[in-house]
Amino acid sequence: MIRDEETDLHGGVKKSTSADQTHEPVQIKEGDFILVDYTVDLPAEGKVIDTTIEEIARENKIYNENEPYEPALVVVGKGFLLKEVEKQLVGVKVGEEKEIVLPPEKAFGPRDPGKIRVIPAIELSRRGVIPRVGMRVEVNGNIAIVRSVGGGRVQLDFNHPLAGKTLRYRVKIVKILASNKEKIRAIIGRRLRGIEPKDIEITERNKTVYIKLPDSILVVERLGIILRGIALDIRNLLPEEYESVVFSVKLKLKERKPEAKTEAAKTEAKEKQG
0 MIRDEETDLH
10 GGVKKSTSAD
20 QTHEPVQIKE
30 GDFILVDYTV
40 DLPAEGKVID
50 TTIEEIAREN
60 KIYNENEPYE
70 PALVVVGKGF
80 LLKEVEKQLV
90 GVKVGEEKEI
100 VLPPEKAFGP
110 RDPGKIRVIP
120 AIELSRRGVI
130 PRVGMRVEVN
140 GNIAIVRSVG
150 GGRVQLDFNH
160 PLAGKTLRYR
170 VKIVKILASN
180 KEKIRAIIGR
190 RLRGIEPKDI
200 EITERNKTVY
210 IKLPDSILVV
220 ERLGIILRGI
230 ALDIRNLLPE
240 EYESVVFSVK
250 LKLKERKPEA
260 KTEAAKTEAK
270 EKQG
């Protein structure tokens with residue numbers, strides 16, 4: 000998913016369709032929790048750079064097996080997508096598709112020659128970095144792309160990779176999430192990918208939301224940080240609903256086996272069939 004500050008992909012919500020809506024299509028408004036399918040391309044280059052649709056990702060050779068391809072959660076006006084994209088989604092109806100073209104000034108800005116620097120290669124080699132063209136490196140807390148290497152010097156570009164480019168979004172509104180439980184499941188899915196919504200148990204009491212997760216999450220790296228992120232998302236996106244979040248894990252100690260029928264039960268069943 001392409002945001003104002005970085006490029007990444009969506010994740011974690013179960014695919015749904017507009018057929019799930021029980022009422023006439025409604026218009027999107029700011030603050031709505033929605034699921035969207037989208038594809039982003041660079042019209043001038045004929046290049047797709049991001050999508051929520053697996054078939055399109057494979058066709059354009061950007062498929063990533065570690066990413067889920069399914070509708071992405073967007074809370075309109077909260078920076079889940081570029082600001083101008085979310086602004087133009089307001090008023091679109093569920094089930095509709097919209098094409099949004101963003102010139103550089105409404106996307107990642109024009110390229111700034113002042114953000115291109117040349118430094119001695121030894122500055123990077125001292126840090127154990129062997130610069131290669133196209134490599135991303137961190138310098139003084141800022142990310143740059145190596146544009147050229149030669150003569151003991153390295154040219155670094157601190158512009159955003161999409162600066163100066165026109166972006167085209169093709170967005171389809173798949174669903175509006177109405178209940179708090181739907182919204183929380185979608186929030187969880189963004190950070191804990193691969194969990195089926197049915198495996199997440201959610202209850203509410205006295206401004207506290209209780210979230211019970213399957214034991215499969217116990218192998219997730221940096222789990223504590225992820226859970227804290229989920230709690231902060233709930234606080235920031237549903238500030239009027241909850242004051243605290245409690246997480247727990249459901250451990251399956253053993254699988255239940257079907258109970259063997261007693262002889263009396265077998266006889267009774269035969270009599271009923273007879």
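Once you know that position 230 of the sequence shown is 229 in numbering that gives the first Met the number 0, the rest is easy, because the numbers rise by one and skip nothing. Note that beta-carbon positions come from the ideal geometry of N, C-alpha and C, so glycine has one too.
Straight-line Cα distance separating residue j from residue i
| i | j | result |
| --- | --- | --- |
| ALA143 | SER124 | 16 angstroms |
| LEU347 | PHE107 | Since the displayed the chain opens at 0 and closes at 273, residue 347 lies outside it and no answer follows. |
| LEU212 | GLY188 | 11 angstroms |
| GLU44 | PHE79 | 25 angstroms |
| HIS159 | PRO109 | 9 angstroms |
| ASN141 | ILE115 | 12 angstroms |
| ALA177 | GLU66 | 26 angstroms |
| GLY127 | PRO119 | 14 angstroms |
| ARG56 | GLU69 | Reading the sequence as shown, one finds Ala at residue 56 and not Arg. Approximately 12 angstroms, taken between the alpha carbons. |
| VAL73 | GLY151 | 46 angstroms |
| VAL100 | LEU237 | 31 angstroms |
| ARG167 | PHE246 | 40 angstroms |
| ASP40 | VAL219 | 32 angstroms |
| ASP36 | GLU195 | 19 angstroms |
| LEU250 | PRO112 | 56 angstroms |
| ARG227 | THR165 | 36 angstroms |
| PRO42 | GLU83 | 17 angstroms |
| LEU222 | ALA71 | 22 angstroms |
| GLU283 | GLU122 | There is no way to answer for residue 283, as the model of the chain reaches only from 0 to 273. |
| GLN87 | ILE129 | 44 angstroms |
| VAL248 | VAL138 | 41 angstroms |
| MET134 | GLY193 | 30 angstroms |
Residue i and residue j closer than 9 angstroms at C-beta
| i | j | result |
| --- | --- | --- |
| ILE224 | ILE210 | no |
| VAL47 | ASN63 | no |
| VAL136 | VAL148 | no |
| THR38 | ILE52 | yes |
| GLU85 | LYS92 | no |
| VAL117 | GLU29 | no |
| LEU34 | ALA185 | yes |
| LEU191 | ILE172 | no |
Neighbourhood of residue i by C-beta, 8 angstroms cutoff - its chain only, sequence neighbours within 5 removed
| i | result |
| --- | --- |
| TYR241 | GLU203, LYS206, THR207, VAL208, ILE233, ARG234 |
| ARG361 | Since the first residue shown for the chain is 0 and the last is 273, residue 361 is missing from the structure and cannot be characterised. |
| ILE61 | VAL47, ILE48, ASP49, THR50 |
| GLU239 | none |
| GLU54 | none |
Sequence-distant residues of its chain with Cβ nearer than 6 angstroms to residue i (five each side left out)
| i | result |
| --- | --- |
| ILE98 | Residue 98 is actually Glu in this sequence, not Ile. Answer for GLU98: ARG169, listed in chain order. |
| LYS182 | PHE32, LEU176 |
| ILE180 | Before going further, note that residue 180 is Lys rather than Ile in the sequence given. If we look at LYS180 and ignore the five residues flanking it on each side, its Cβ neighbours are ILE201. |
| THR6 | Reliability fails at THR6, whose pLDDT of 39 lies under 50, so the model's placement of it is uncertain and the value that follows must be treated cautiously. Once the five neighbours on either side are set aside, THR6 has no close Cβ partner at all. |
7 angstroms Cβ shell around residue i - same chain, five flanking residues per side excluded
| i | result |
| --- | --- |
| ASP31 | VAL75, ILE175 |
| GLY163 | PRO103, PRO109, ARG110 |
| ALA230 | VAL244 |
| LYS253 | none |
| ASP198 | PRO213 |
| LYS105 | GLU83 |
Beta carbon proximity, residue i to chain B, threshold 9 angstroms
| i | result |
| --- | --- |
| LYS174 | Annotation note: the requested chain B is absent from the structure, which comprises a single protein chain. |
*Quick one: which unbroken beta strand (DSSP E) runs of 3-plus residues sit fully inside the segment 35-96? Chain order, please.*
Within the segment 35-96, the complete beta strand (DSSP E) runs of at least 3 residues are 46-50, 71-74.
*Enumerated in chain order, which unbroken segments of the beta strand (DSSP E) with a length of 3 residues or greater are wholly contained in the segment 105-150?*
Within the segment 105-150, the complete beta strand (DSSP E) runs of at least 3 residues fall at 115-119, 135-138, 141-149.
*Please go through the segment 192-251 and give each complete alpha helix (DSSP H) segment of 4 or more residues, from N-terminal end onward.*
You should have 222-236.
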